[in-house]
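Asks: Next up is a structure, given as structure tokens.
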Amino acid sequence: MASTRSSWFRRHLATRLCFTLCLSVVIMGNSLLAHPDLEEDGLLTHFVVGGHRIENGRVEDQTHSAKATLVGKPQPVTIGPAEGLVFNGKDEYLLIAENVAAAGKLLPKKEMTVSAWVNLKSIGQWGAIAGCLEDTGNYEKGWLLGYENGKFSFALASKGSDDGNGLMTYLTAKESIELGRWYHIAGSYDGQTMKLYVNGKLAGESKAQSGEILYEPKSAYVIGAYKDSNEFHGWEGAFQEVKVYSRVLPANDFAAVAKKNENLINWNPPNNTKLEFLVKPYLQHVTSTSIVVMCETSRPAITKVNFALRQPITLKAASETLSLIQEVPLKDLSPGSIYYYQVQCESPDGQSIQSEIYSFQTAFGADRPWAFGIVGDTQRNPVITAACADGLYALRPNFVIHCGDVVDNGFAKNQWIKDLFEPAHNLMAHTVVFPTIGNHEQNAHWYYDYFSLPKPEYYYTFTYGNAQFFMIDSNKPLDPGSEQYLWLEKELAKSKATWKFTCHHHPCFTSDSDDYGNLTTGAGERQPTYGDRNAQKLIPLYEKYGVDIAWNGHIHVYERTWPIYQMTINQKKGVRYITSGGGGGHLEQAAAQRAWFSLHFKRAYHYCYVTAFENTIQFKAYDTEGRLFDTFELTKDQPAPKP
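Just so you know, the sequence shown maps onto residues 1487 to 2129 in our numbering.
Put into structure tokens, the structure is as follows:
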């Protein structure tokens, strides 16, 4: 979703320059009245919208015991029956204390309750309402009330469950969050039992923790951000109140709050959004007789695709249900043919939109020359992504393979729209992209929502011309006997293609300076592996079944190896491994000393291009200025060797 605030985030019309964050509210009719706390037992902090002034960038809570620093410029906004303080999800939050010592008595020691009224505009992988935590690898300390993968969660680590680095338990609600709605969320811990409540109902419970809460001394105490020593995930949405106690509130208190504020919980955000394309039409999964046309609209709609070999455009296909992300398959097409298409969308209230006219081409058979592009690690750099996409489109490939990390954070919807689809629109409206999933996608649902791929989608195979492509998820286990290993061996064994190409995100071979061991200074106990141990488990299959080229990303450089067979250079039997990770992620460095397998290394943003006909392929690599910096040709004098 775009980072600009949608229409339902209406700005508050009052002229006052003050606010307070609070958890105790009384809702009467359509008004929301904040009130100071009575003498509540164990109340540590209480922030509420609508009371205290901002003075020198700081705001005092209702108990007068805490002054939080306002980071950024969050705005008070009326959202239906309530007013909230809206954070942008990027760099805005409230800092209560820089560390545990500075927080002092504001943090609960053993028993605790944290509760809040919140409203979300968009969802990432993680988000925090309030917390003081460190969750880095196996180092887990503190607590957090927020969400994980689109569901509210409460996390906590205790001294009684400390394994030396801390051990955190996450309670996660079953129901997914609905954007734009108000929720009352609470988490409690009594020294033995953790509980999570959503709108007054118990949503999770655990007895995995015991004793006092275990804190990391350096952890910051914040509202509105998941913030530890190496991660920051902002909250894009509103807070009405946040309240923390040093005691456990009974369950009937949360039920009473929800009952009293039913009109807020039951309020539905108005759907007065203008119908428009959030993602303009793009192409997926082409074969010789079919293709998939996709798009996304700002509100649910029925989508029609009009298409033809030439104008007038008279053929039609349509989606069967109202949806935001539309997927329309076009079937019974002519092989190797150019079609023209136009997308029309209509919402139930009669709004309609129409795209411009684009074109696509169905797949060729093995008797025709064809071409494809390669790019990887576009991540979050729309300027470079646009340069790569435009450079590829200028070469007119029949399709493109993407080596993974299509965005930087797979759960951040706005990144898919702003960092991938917008800069790559011209390419993707005319050319199919076949992706592999990288680590930055984090297996998020957006990957599967936005791409239409052969089942099961996280790995798959497809053919084009006289080649077969095997797309693999190297985030998952690839050991002999694993699901993908067995599938890959079966598919390779029965393949009759002249050319066999694999693609997965992580490299089998790389001379990168630090991803797989410190090759710059030699520091650390980790022995250099010159590649990903998981991906390297596939090498015996590649060699056994005559894979020609294995493509990968992950390392943000270009690198081509010599043909490798049984860990030696073999010009006849060897597999070539090509890293193409220069689509936008920050560039990385080669090791100070040359690796034995490396033939060509270049630190540059780039894309690659392959043309194929019968037993010959030509390969070229270009930087984003269109300058050729590597090329080679392969010709097979006889069919690929059988195992």
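Note that CB positions come from ideal geometry on N, CA and C, so glycine has one too.
Because the structure is a prediction, the values reported are computed rather than measured.
Assign leucine 1509 to one of three DSSP states: helix, strand, or coil.
Replies: Residue placement at leucine 1509 cannot be trusted, given a pLDDT of 33 that sits under 50; the coordinates are not used to answer.
Asks: In chain order, which continuous runs of the beta strand (DSSP E) of length 3 or greater are located wholly inside the region 2027-2096?
Replies: The qualifying runs are 2035-2038, 2044-2047, 2062-2066, 2084-2088.
Asks: Please tell me whether isoleucine 1540 and leucine 1556 are closer than 9 angstroms, where the distance is taken between their beta carbons.
Replies: Leucine 1556 is positioned such that its CB atom lies closer than 9 angstroms to that of isoleucine 1540.
Asks: Taking the beta carbon of lysine 1817 as the centre, do at least 16 other beta carbons fall within 10 Å, making it buried, or is it exposed?
Replies: exposed
Asks: Go through the region 1810-1894 residue by residue and report every complete run of the alpha helix (DSSP H) that reaches 4 residues or more, in order.
Replies: 1868-1881
Asks: Would you call the CB atoms of glutamate 1782 and isoleucine 1903 closer than 9 angstroms?
Replies: yes
Asks: Buried or exposed: tryptophan 1629, going by 16 or more other Cβ atoms within 10 Å of its Cβ?
Replies: buried
Asks: Could you check if serine 1517 is buried or exposed, using at least 16 other CB atoms within 10 Å of its CB as the buried criterion?
Replies: The predicted model places serine 1517 with a pLDDT of 29, which falls under 50 and marks its position as unreliable; any figure quoted below should be read in that light. The residue is exposed, with fewer than 16 neighbouring Cβ atoms inside 10 Å.
Asks: Rounded to the nearest angstrom, how far is the Cβ of alanine 1880 from that of proline 1909, given a contact under 8 angstroms?
Replies: In fact, because the Cβ distance is near 15 angstroms, the residues do not count as touching under 8 angstroms.
Asks: DSSP three-state call for glutamate 1975: helix, strand or coil?
Replies: helix
Asks: Examine chain C for any beta-carbon lying closer than 9 angstroms to the beta-carbon of alanine 2077, and answer yes or no.
Replies: The structure shown contains no chain C; it holds only a single protein chain.
Asks: Restricting to runs no shorter than 4 residues, where is the alpha helix (DSSP H) found entirely within the region 1716-1764?
Replies: 1737-1746, 1748-1751
Asks: Which residue comes first and which comes last in the alpha helix (DSSP H) that contains asparagine 1912?
Replies: Residue range 1911-1916 is occupied by the alpha helix (DSSP H) that includes asparagine 1912.
Asks: Which term fits glycine 1697, buried or exposed, when burial requires 16 or more other beta carbons within 10 angstroms of its beta carbon?
Replies: exposed
Asks: Kindly indicate which three-state DSSP category histidine 1550 falls into: helix, strand or coil?
Replies: In the structure shown, histidine 1550 sits in coil (DSSP, three-state: anything other than H, G, I, E or B).
Asks: Helix, strand or coil: which one does DSSP assign to lysine 1904?
Replies: helix
Asks: If the criterion is Cβ atoms closer than 9 angstroms, does the pair leucine 1735 and serine 1674 meet it?
Replies: Taking a C-beta distance under 9 angstroms as the contact criterion, leucine 1735 and serine 1674 qualify as a contact pair.
Asks: Kindly indicate which three-state DSSP category isoleucine 2132 falls into: helix, strand or coil?
Replies: As displayed, the chain neither begins before 1487 nor continues past 2129, which places residue 2132 out of reach and without an answer.
Asks: Per DSSP, which one or two residues make a beta bridge with tyrosine 2108?
Replies: Tyr2093, Leu2114
Asks: Which residue wins for smallest C-alpha separation from glutamine 1837, given the options Gly1862, Asn1757, Leu1819?
Replies: Asn1757
Asks: So is asparagine 1685 buried or exposed if we call it buried at 16+ other beta carbons inside 10 Å?
Replies: buried
Asks: To the nearest angstrom, how far is it from the Cα of phenylalanine 1858 to the Cα of methionine 1957?
Replies: 15 angstroms
Asks: Rounded to whole angstroms, how far is the Cβ of tyrosine 1827 from the Cβ of valine 1791, which I believe are closer than 8 angstroms?
Replies: Rounded to whole angstroms, the Cβ separation of tyrosine 1827 and valine 1791 is 6 angstroms, and the two are in contact under 8 angstroms.
Asks: Counting only runs of 4+ residues fully inside the region 1567-1633, write out the alpha helix (DSSP H) ranges in chain order.
Replies: Complete alpha helix (DSSP H) runs here, min 4: 1586-1589.
Asks: Considering only their Cβ atoms, is the gap separating threonine 1531 from valine 1728 smaller than 9 angstroms?
Replies: yes
Asks: Skipping 5 residues on each side, what residues in its chain have a beta carbon closer than 7 angstroms to that of glutamine 2057?
Replies: Same-chain partners within the cutoff: Pro2049.
Asks: Taking a contact to mean a Cβ-Cβ separation below 9 angstroms, would you say leucine 2005 touches alanine 2090 in this structure?
Replies: no
Asks: Look at the alpha carbon of lysine 1591 and the alpha carbon of proline 1703, and state the distance between them as a whole number of angstroms.
Replies: 14 angstroms
Asks: Helix, strand or coil, according to DSSP, for lysine 1962 in the structure here?
Replies: coil
Asks: For glutamine 1770, which residues from the same chain have a beta carbon less than 7 angstroms from its beta carbon, with the 5 sequence-adjacent residues on both sides left out?
Replies: Val1778, Met1780, Val1918, Phe1937, Ser1938
Asks: Where does glutamine 1695 fall in DSSP's three states?
Replies: coil
Asks: Between which two residues does the beta strand (DSSP E) holding tyrosine 1712 run?
Replies: 1711-1713
Asks: For histidine 1550, count neighbouring C-beta atoms within 10 Å of its own C-beta (all shown protein chains included) and say buried if the count is 16 or more, exposed if not.
Replies: exposed
Asks: Please report the distance separating the alpha-carbon of tyrosine 2093 from that of alanine 1983.
Replies: So the alpha carbons of these two residues sit roughly 25 angstroms apart.
Asks: Spatial neighbours of leucine 1653 within its chain, please: CB distance less than 7 angstroms, with the 5 preceding and 5 following residues excluded, ordered by chain position.
Replies: Glu1626, Ala1643, Ser1647
Asks: Roughly how many angstroms lie between the CA atoms of glycine 1886 and lysine 2122, to the nearest whole one?
Replies: It is worth fixing the name first, because residue 1886 is valine in this sequence and not glycine. Each residue's Cα considered, the two are about 23 angstroms apart.
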